[in-house]
Amino acid sequence: RRILLSNDDGYESPGLWALAQACRSLDCEVIVVAPDKNQSAVGGSLTLRQELVWTRIEAPPIADVEAWHVNGSPASSVIVGLDGVLDEPPDLVVSGINQGSNMGNDLTASGTVGAALQSHFRGIPSMAISYAMIPRTEVDWDTAERIAAMLCREGIEGAFPESIFLNINIPLVPFEEIKGFLVTRVARRGYFHLEVQGETSGVLTRGPFESTLLDPPPGTDIWALINKYVSISPIQANFTDHQVIDALGERLNAAWSE
Numbered sequence: 007r008r009i010l011l012s013n014d015d016g017y018e019s020p021g022l023w024a025l026a027q028a029c030r031s032l033d034c035e036v037i038v039v040a041p042d043k044n045q046s047a048v049g050g051s052l053t054l055r056q057e058l059v060w061t062r063i064e065a066p067p068i069a070d071v072e073a074w075h076v077n078g079s080p081a082s083s084v085i086v087g088l089d090g091v092l093d094e095p096p097d098l099v100v101s102g103i104n105q106g107s108n109m110g111n112d113l114t115a116s117g118t119v120g121a122a123l124q125s126h127f128r129g130i131p132s133m134a135i136s137y138a139m140i141p142r143t144e145v146d147w148d149t150a151e152r153i154a155a156m157l158c159r160e161g162i163e164g165a166f167p168e169s170i171f172l173n174i175n176i177p178l179v180p181f182e183e184i185k186g187f188l189v190t191r192v193a194r195r196g197y198f199h200l201e202v203q204g205e206t207s208g209v210l211t212r213g214p215f216e217s218t219l220l221d222p223p224p225g226t227d228i229w230a231l232i233n234k235y236v237s238i239s240p241i242q243a244n245f246t247d248h249q250v251i252d253a254l255g256e257r258l259n260a261a262w263s264e
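Just so it is clear: in the sequence shown, position 193 is 199 by my numbering, and no numbers are missing.
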């Protein structure tokens, strides 16, 4: 069995190699194809209008893992892995382990999620794994590695429907304090805002921990992490809101006829 790994923090990220170690513990062939530098918050962007080059890593941190870095985005790295490195589709694609959570509206900007989406579009079991490291400090990766091994085992055994991919967030607590897995909804909240620095200039920064973080709705990804659960959100790549199609169509057709 074969697992393809990528991320958005770059090929030197300790989270990527904690994930690789977790997958090696399952006696699987592990292939890493990751960006050559940190590409956080690029979402699902693709590297277009330039040549993509993938380079073999001669001395990876785990000796028996085939590893490559790519001069492209996380999503492009997964495409390179699927079409340029591998000769046949893997059994599972995992993006992570991200240094920092990806919850709520983060999903639209997350390079970790954007990478997993590319393989999900092809019908390959896929997941994105993030570790709630805020602030980003040196941490013991043991908890995240153990959780990742459990989930990857389920993934390669076909436990997850092909119609979804999983967005997973692990709380930054010792393994013994984690209460278990919780399948969650994605919370709605603002996250980025513009910090104005001049008359016509500013920078995007992460927003303050607003009320959604202080009192998140039960059953959401944010609530799960605060309460020491591993949040597992099943995500569909079909962005259609099927519940409003008929009503919206009737309203707009009525307006057209006026």
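Backbone N, C-alpha and C define an ideal beta-carbon position, used for all residues, glycine too.
Note that the structure is predicted; figures quoted are calculated from it, not measured.
Using a Cβ-Cβ cutoff of less than 6 Å, which residues in the same chain neighbour residue i once the five nearest sequence positions on both sides are dropped?
i      : result
ARG8   : GLU35, PRO96, ASP97
ILE135 : GLY102, ILE103, ALA154, ILE174
GLU72  : ILE37
VAL209 : GLU201
SER107 : SER136, ALA138, ASN175
Starting from residue i, trace the beta strand (DSSP E) in both directions and tell me its first and last residue.
i      : result
VAL189 : 187–189
HIS75  : 72–76
ALA134 : 132–137
Do residue j and residue i have their beta-carbon atoms positioned less than 9 Å apart in this structure?
i      : j      : result
ALA261 : ALA154 : no
GLY117 : GLY50  : yes
SER12  : THR53  : no
LEU178 : ALA138 : yes
PRO80  : ALA121 : yes
VAL76  : VAL100 : no
LEU157 : VAL84  : no
ASP14  : SER46  : yes
VAL48  : TRP74  : no
ARG195 : ASN111 : yes
Leaving aside the five residues before and after residue i along the sequence, list all residues of the same chain whose C-beta is less than 7 Å from its C-beta, in chain order.
i      : result
ILE68  : TRP23, ALA26, GLN27, ARG30
SER217 : Note that SER217 scores 47 on pLDDT, short of 50, meaning its location in the model is unreliable; the coordinates nonetheless yield the value given after this. The answer is none, since no qualifying residue turns up.
THR61  : TRP74, HIS75
GLN105 : ASP15, SER19, GLY21, TYR137, MET139, ARG142
I'd like the list of long-range same chain contacts for residue i, defined as Cβ closer than 8 Å, with 5 residues on each side in sequence excluded.
i      : result
GLU18  : none
LEU123 : GLY50, ALA81, SER132, PHE171, ALA243
LEU113 : VAL119, ASN173, VAL192, ILE241
Which first and last residues belong to the alpha helix (DSSP H) in which residue i is found?
i      : result
MET156 : 148–162
ARG7   : Unbroken run through ARG7: none, as it is neither H nor E.
ASN173 : Per DSSP, ASN173 belongs to no alpha helix (DSSP H); it is in the beta strand (DSSP E), 171–176.
VAL86  : 80–86
GLN27  : 20–30
Between the Cα of residue i and the Cα atoms of the options, which residue gives the shortest distance?
i      : options                     : result
TRP147 : PRO20, ASP252, PRO80        : PRO20
ASN32  : LEU92, GLU151, VAL76, HIS75 : The residue asked about is misnamed: residue 32 is Leu in this sequence, not Asn. Among LEU92, GLU151, VAL76, HIS75, the Cα nearest to that of LEU32 belongs to GLU151.
MET109 : GLU57, SER239, LEU200       : SER239
LEU88  : GLN105, VAL48, ALA40        : ALA40
Quiz prompt | contact_flag[the region 124–136, the region 244–256] where n(CB pairs < 8 Å) is 3 or more | solution = Contact between the region 124–136 and the region 244–256 is absent, because fewer than three Cβ pairs lie under 8 Å.
Quiz item: Okay, do the region 225–239 and the region 178–196 touch, 3+ Cβ pairs below 8 Å being the bar?
Solution: yes
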